[in-house]
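Data block below; observations after.
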Amino acid sequence: MKVSWRALPTVLTKEELLDKAYSRAKKAADRVDDSDRVFRVRKQLNRMIQTAADILGTYLMDTVNQWPSLDQSPQFDVSMIDACVGCDDYRHHLSMLQWAANQISNIAAQNTRKITRTGRIELMHEARREAYGRISSIVGRIGSSLQWLGESREILKRLPSIDQLSPCIVVCGAPNVGKSAFISALSSGKMEVNHYPFTTKQIHLGHFTFRRLQYQMVDTPGLLDRPMHKRNDIEMQAISALENLGSLVLFLIDESENCGMSIEEQNNLLEEILQLLAETTVMIISTKADIHENRPENWSTVKTAETEYLELGEEQYTELPLLIDTNGYITISALENVGLEALKMEIVRIVKDNTPVDPMSLPEGWYRAE
Ligand SMILES: Nc1nc2c(ncn2[C@@H]2O[C@H](COP(=O)(O)OP(=O)(O)OP(=O)(O)O)[C@@H](O)[C@H]2O)c(=O)[nH]1
Ligand SMILES: [Mg+2]
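According to numbering that gives the first Met the number 0, the sequence shown is numbered sequentially starting from 0.
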């Protein structure tokens, strides 16, 4: 299930919306024919009002229905929407559209009734003008809501589309430790690149498949890479969105210090993340094994095993040796492709252990013991 606001159509401005409604209404009125003048004018003016009201009402309600309801959205999406545009505003502006649709429908009903009940042509025209005036003023009052939705759509469509049904692994660590390189090396296809709406940072989203199950990996540049006290509210909300996302968090540490941050600083960051994501399993992975001062002792064993594994196929294996560095950390080299297959297997194992039984998947009448 992809997040559907990525596919939302552009939102019209109030001027565009009125233009569209009134020009269609005029065309519809032009098609009306009746030899009796009073009947013809009555039909034409009613058709104008009804067509304009229908077009506006349909457009407004389609927009309300196309925009995902926050009550039914996954928690991650709700947190991201809150961080990026604000959930209260989101609800308010959609409800304004709904309000306008109701008002317009009432105005159309009142004024077509007036037209139907009179035999005087000038009163009919007056009722039509009144209807248009009131409809225009209602649309005018939702102008700022239409604009807000138009701008929010631009922001929201840049967020990553995370599949709620597949496990998601959050990859974090200091800048330059090799997060993107790691996701890219582990991904079977191309990485998807998105943006956080509130910074210039790119989010990378990668996938791999293991025994037909899909796993997603997302990195968090700019979010979990510096001390928490230096952050603003929006970033904190985005971070809390991550809590709802990850089946597992990988904390990447660059022991070569090539990233520009000392091991001590990286460890402080790790401490903060462990506190922040207290409910989530955090796994520490040391990167760039190929440039460590001492190569991991089992480097060639792992390399041989992984090569064999890739040739023979994953069905033959239930285990691969993890690459372990001289400090005892699980390590990998994204550059030379060593340790990745073994780590993939380990990730799958941990995610499986962590996955709670979904109560929805149990047969009716069954309950999961807490
Ligand atoms: N030698 C070596 N270099 C690596 C490895 N992985 C990444 N690098 C290098 O480390 C640098 C940073 O890698 P990125 O993957 O961009 O790091 P990042 O954590 O995504 O960085 P930000 O997105 O800026 O936080 C690049 O110059 C990579 O080429 C590796 O396994 N070995
Ligand atoms: Mg990166």
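For every residue, glycine included, the Cβ atom is placed at its ideal position computed from N, Cα and C.
No experiment lies behind these values; they were computed from the predicted model shown.
For residue i, three-class secondary structure by DSSP
i: VAL192; result: strand
i: LYS1; result: At LYS1 the pLDDT is 43, less than 50, meaning the model places this residue with poor confidence; the figure from the coordinates comes in the next sentence. Note: LYS1 maps to coil in three-state DSSP.
i: ILE106; result: helix
i: GLY205; result: strand
i: MET383; result: In this structure the chain extends from 0 to 369, so residue 383 is not present and cannot be described.
i: VAL31; result: coil
i: VAL77; result: helix
i: CYS258; result: coil
i: ILE272; result: helix
i: ARG367; result: Any reading at ARG367 must be qualified, since the residue scores a pLDDT of 45, below 50, and its modelled position is unreliable; no value is offered.
i: VAL337; result: strand
i: SER332; result: strand
i: VAL170; result: strand
i: THR300; result: helix
i: ARG230; result: coil
i: TYR21; result: helix
i: GLY139; result: helix
i: GLY132; result: helix
i: TYR316; result: coil
i: LEU7; result: coil
i: ILE238; result: helix
i: THR306; result: helix
i: SER72; result: coil
Span of the alpha helix (DSSP H) around residue i
i: SER285; result: From DSSP, SER285 is part of no alpha helix (DSSP H) but of the beta strand (DSSP E) over 281–285.
i: GLY142; result: 142–155
i: GLY56; result: 36–65
i: ILE323; result: Premise fails: ILE323 is in no alpha helix (DSSP H) and is neither H nor E.
i: LEU249; result: Element bounds for LEU249: not the alpha helix (DSSP H) but the beta strand (DSSP E), 247–252.
i: ALA184; result: 178–185
Member of the options whose CA lies at the smallest distance from the CA of residue i
i: VAL281; options: PRO226, ILE346, GLU254 and LEU222; result: ILE346
i: GLY118; options: ARG36, ASN267 and THR317; result: ARG36
i: ASP87; options: TRP98, ALA100, ASN101 and SER68; result: SER68
i: LEU309; options: THR279, LYS343, SER151 and ALA277; result: LYS343
i: MET316; options: THR306, THR325 and ALA99; result: Residue 316 is actually Tyr in this sequence, not Met. That would be THR306, whose Cα lies nearest to the Cα of TYR316.
i: VAL169; options: ASP253, ALA240, SER332 and ILE154; result: ALA240
i: ARG210; options: LYS351, ILE233 and ALA126; result: LYS351
i: ARG5; options: SER34, ASP32, ILE80 and ILE54; result: ILE80
i: LEU322; options: ILE283, GLU313 and VAL77; result: ILE283
i: PRO220; options: SER255, SER179, LEU244 and ILE233; result: SER179
i: LEU158; options: VAL77, SER285, ARG112 and ARG348; result: VAL77
i: ASP371; options: HIS194, ARG230, ARG112 and ARG90; result: With the chain covering 0 to 369 only, the question about residue 371 has no answer from this structure.
i: GLY85; options: ILE154, SER187, ASP61 and ARG116; result: ILE154
i: TRP298; options: LEU273, GLU314, ILE329 and GLN274; result: ILE329
i: HIS92; options: ARG116, VAL31 and MET60; result: MET60
i: ASN336; options: ASP324, ILE349 and LYS302; result: LYS302
i: VAL63; options: ASP33, GLU313 and THR9; result: THR9
i: LYS229; options: GLU271, ASN266, GLU121 and GLN215; result: GLU271
i: ASP232; options: GLY188, CYS167 and ALA82; result: ALA82
i: GLU278; options: ASP33, LEU244 and LEU122; result: LEU244
i: ARG112; options: ALA99, ARG127 and GLU121; result: ARG127
i: GLN65; options: ASP53, GLN49, GLN97 and MET190; result: GLN97
Within 8 Å, strictly: CB atoms of residue i and residue j
i: PRO295; j: ALA304; result: no
i: LYS25; j: GLY139; result: no
i: ASN353; j: SER261; result: no
i: ALA341; j: LEU311; result: no
i: ALA51; j: ILE134; result: yes
i: CYS258; j: ASN326; result: no
i: VAL248; j: LEU268; result: no
i: LEU11; j: ALA184; result: no
i: LEU7; j: TYR58; result: no
i: ARG41; j: ILE161; result: no
i: SER144; j: MET95; result: yes
i: PHE250; j: GLY172; result: yes
i: GLU242; j: HIS291; result: no
i: PHE207; j: ALA333; result: no
i: ILE331; j: THR300; result: no
i: ASN101; j: GLU129; result: no
Any C-beta of chain D under 8 Å from that of residue i
i: LEU93; result: Chain labels in this structure do not include chain D; a single protein chain is all it has.
### Query
Do the segment 28–45 and the segment 201–218 meet, that is, are 3 or more Cβ pairs less than 8 Å apart?
no
### Task
Evaluate contact between the segment 69–80 and the segment 11–23, counting only Cβ atoms and requiring at least three cross-stretch pairs below 8 Å.
No, the segment 69–80 does not touch the segment 11–23.
#### Entry: Sufficient close CB pairs (3 or more, under 8 Å) joining the segment 206–224 to the segment 135–152
Counting Cβ pairs under 8 Å, fewer than three are found: no touch.
### Task
Would you check if the segment 146–155 and the segment 102–120 touch, i.e. whether three or more CB-CB distances between them fall below 8 Å?
no
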